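The structure under discussion appears below in the form of structure tokens.
Numbering (the numbering used here), first residue to last: -16 to 1027.
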């Protein structure tokens, strides 16, 4: 590698070098002459021979000028060295004694040299050295990391940069360190830059040879040094020389900013801040030069204004360093260390306070006031003449004070800018074809870039390119999902908005599909310890067929049975990644270390419910009933054990009964009463669930691997489905309860004193007894033994009460009770059907007139909430003739209203603690009224939900803490979503249709997209319709960061 001498740094051009062409060639020389040549021309010593004679060397450092180590200078053996340059023949044998010098002394001198260039460490900047072997230092490793490289070692970097193999070096022959300048070349090679100021002129590779008799390292003459540029003239006569010992002087270390004088001068031209920053000559006191250099900018050499510190510890004005990095690249203009604007830091407060206390003289003419640097901006505002802190403002020669351009009227603005307008117009006509708008926008863009306002500049550039105010893919996806737009509808909206505004506001469909992949299950990798039994280890599993693995026989299942589902463990991983921010915030709020690895205990509520008839009639012909079932789950809580061995919740679902948190797992077009079909489809789901109970999930949360354990609670089932999956008899059975073994007669005689006795394990045992009949009993005896179990339980459920259906069932019972009281059934316990029909018609008309309650065929949740109120009871009491019965009915409703919040509220301990304590008293009084005043109706019979309300509520709340939070209301609320998504994704194939419904239903429950859904609902509630073109035309672009 050869470089011209004009680009070699000054401190190398001025060093004592000798070209190889000046070496006198002799065929035969004596030993004395050989030593003399070594003393005069040390560059030709055996230690310094070029390995490549074909390459012309630029220059080699002389070893005579190398300073010695302190330990070497103190060596007594140096005092006996001769002071003559050329030894006479009489003293030749004295120099032969130098051959006995130890190799240890030679090695001490050798370690003071650079392995690559041979320069002494005292002659380069910062007196820094680096080992040639071992791993790299932290600064170099940081540069490698920024450029995308991994861990590396010095031998590899040296070989890639200089083509020198240092792995075979010997300590007695080669130096073990290299200098700072060689390190700079390595940094430049990593960054792929070639800067002349940082270039190091290495012409050839230095070949190090072992210690010998004529080693110039050890035989350093003490006489006067000769100029190596001039040749020695032949002596006329031999005259004895009188030499004087001259102590060896080390070179003066030059400052790095002196070395990079070319780059500093270039930086001064770039910043051009003479009129903006204050000169250091304005300081009143005479400070030392070192202090002045510490408070001045390294680029402009003015006093620091808004100082910043680079990673290499150099100080600059903020505007100066930003201009330099913009023009010269992301490097420090002094030492060329890689740095970015994000790496700049403000100096320490003590330095800033010292800087602000510096006293300077005001540079404004006729002022001369001495002010502190921190107070100078306020002082400069008082001057009417030119300001030195910022740009100069023209002098107002009279009249009103000169106003700012933006504060003027449009006519005054045109008047002030008329010359500039003509110049811009002339330039646009000449260069840009008359496009004045593009020229002005480009000027504005350049001003923003120069002021480091890159965000505004990017928005302006996007507007200039016709891409301004583009919504991010997640925002467009949230709008599509929340508004239930099909692919064709969204694409039509996308093209219409783009054609009307000329800008791409919404993202195209292919971009939305890429965003969907990151939110759907199967995107993130994970691991189970130990691996799940009978479950594949693949993580990239999306939507699968729920009927896969079935034997394809016509008798096994109906042709209309279609099922699509996610794999259970993959779906849970996606749901946990969706809650990543909530988990990290919970750890921080509970004062737990963010690096906590677990285990995290995750409690999951499982729900399953039939959606009824979801058929969509297409074409002619009668509509065919089509029933569907949805199986879903909800992450209720995530808890950890803190340092005090206390269980702390870091996440708790505040709205567990919302459809936004109930994530669909399996959708099937099947009848919920078909026990065999449900068993076949949900069997694999149950197997995956049982496998996850005995393993720990290893998942990356917050860039750290954490372990999770799971607790599954099957509480989100209504009574009909519980009886189906637990193998119990239907609701009209004599065994009234799914929680205890009481019969309907026993429950009516004792309304309160019952406890939970049923469990999934007990139901399995009873099924085996029912199947095998080991005691050879009759049908009635066997039925009484198994307590109504008639099929095999296949899903484990936790005994609980479905709060929604409990409220609906009790409202239905009160609706019938109102009819009985209107007809005074306590007097006539056996009315006819016509009388009952007349009472119902009378009640419906009155409720419609007074309470605006329209009669319906089947009670739902909304009708039940409106019916069970004090106002409704007062309206019904108008139809009851007996005043005593009216008071009894009011008391009964009052007790029910006091009992209802206990099982309906999500957190009864926090929302209604008083009512929770009084629940036992209210339930006893309620049961007493039913047994005494309404005996005609509850003599030997009682409804299922009324029995659970009075007998099992306190026990369940004591066990689970809540009933309403664990209900199936969230799954019930998702029924309407199924119908909406089915209309959105109508297809000819029901299989693909079911996949789209499952996919969009999962996206609808994403926490990440729910923030954007909230924004969309807010826009829908506005009276003015959402018009993107109108928003953009009003200079109010949509800020994507605000949406996020």
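For every residue, glycine included, the Cβ atom is placed at its ideal position computed from N, Cα and C.
Here the structure is a predicted model, which means the values were calculated and not measured.
- Contact between the region 894 to 911 and the region 772 to 788 is not established, with fewer than three Cβ pairs separated by less than 8 Å.
- Residue environment: residue 688 is assigned as exposed (fewer than 16 neighbouring CB atoms within 10 Å of its CB, all protein chains considered).
- Between residue 957 and residue 655 the beta-carbon gap is near 15 Å, outside 8 Å, which marks them as no contact.
- The DSSP-derived three-state label of residue 822 is helix.
- Taking C-alpha positions only, residue 285 is separated from residue 170 by approximately 30 Å.
- The residue from 974, 492, 795 and 804 with its alpha-carbon nearest to that of residue 869 is 804.
- Spatial neighbours of residue 790 in its own chain (CB-CB distance under 6 Å, excluding positions within 5 residues in sequence) are listed in chain order as 847.
- Annotated three-state conformation of residue 886 is helix, per DSSP.
- In the displayed model, residue 165 falls within a helix according to three-state DSSP.
- With contacts defined as CB atoms closer than 8 Å, residue 644 and residue 844 fail to qualify as a contacting pair.
- Under DSSP, residue 595 forms a beta bridge with 611.
- Listed in chain order, the non-local C-beta contacts of residue 114 below 7 Å within the same chain comprise 137, 159 and 160, local neighbours out to five positions each way being set aside.
- If you ignore the 5 residues before and after residue 945, its C-beta comes within less than 7 Å of the C-beta of 889, 890 and 891, all in its own chain and listed in chain order.
- Per DSSP, reduced to three states, the secondary structure at residue 647 is strand.
- Burial check for residue 396: the Cβ neighbour count within 10 Å stays below 16, so the residue is exposed.
- Inter-residue distance for residue 733 and residue 722 is about 15 Å (C-alpha atoms, whole angstroms).
- According to the DSSP secondary-structure assignment, residue 262 is paired through a beta bridge with 285.
- Secondary structure note for residue 844: its alpha helix (DSSP H) is the uninterrupted segment 844 to 850.
- Taking 8 Å as the upper bound for CB-CB distance, residue 545 and residue 977 are in contact here, some 6 Å apart.
- Note on geometry: alpha-carbon atoms of residue 455 and residue 489 lie some 8 Å from one another.
- By alpha-carbon distance to residue 736, the top candidate from 504, 864, 483 and 935 is 935.
- If you compare the alpha carbons of 931, 667 and 429 with that of residue 306, the shortest gap goes to 429.
- In the pairwise beta carbon analysis, the region 499 to 515 is classified as touching the region 666 to 679: at least three pairs are separated by under 8 Å.
- Considered as a whole, the region 700 to 743 harbours 702 to 708 and 727 to 732 as its complete alpha helix (DSSP H) runs of no fewer than 4 residues, in chain order.
- In the three-state reduction of the DSSP assignment, residue 797 falls in the helix class, which pools H, G and I.
- Beyond the five residues adjoining it in sequence on each side, residue 359 comes within less than 8 Å, by CB distance, of 261, 343, 345 and 372 in the same chain, given in chain order.
- Between residue 749 and residue 719 the beta-carbon gap is near 17 Å, outside 8 Å, which marks them as no contact.
- Taken in chain order, the unbroken stretches of alpha helix (DSSP H) that lie wholly in the region 393 to 477 and span 4 residues or more are 393 to 399, 401 to 414, 419 to 433, 437 to 447 and 456 to 465.
- A distance below 8 Å separates the beta carbons of residue 951 and residue 700.
- Residue 310: member of the alpha helix (DSSP H) spanning 301 to 311, first to last residue.
- Note: residue 689 is bridge-paired with 682 in the DSSP secondary-structure output.
- DSSP lists no beta-bridge partner residue for residue 893.
- Straight-line spacing of the CA atoms in residue 553 and residue 507 works out to 8 Å.
- Note that the C-beta distance between residue 876 and residue 905 is not below 8 Å.
- Following the DSSP letters along the chain, one finds residue 864 in no beta strand (DSSP E), marked with neither H nor E.
- CA-CA distance, residue 660 to residue 485, rounds to 54 Å.
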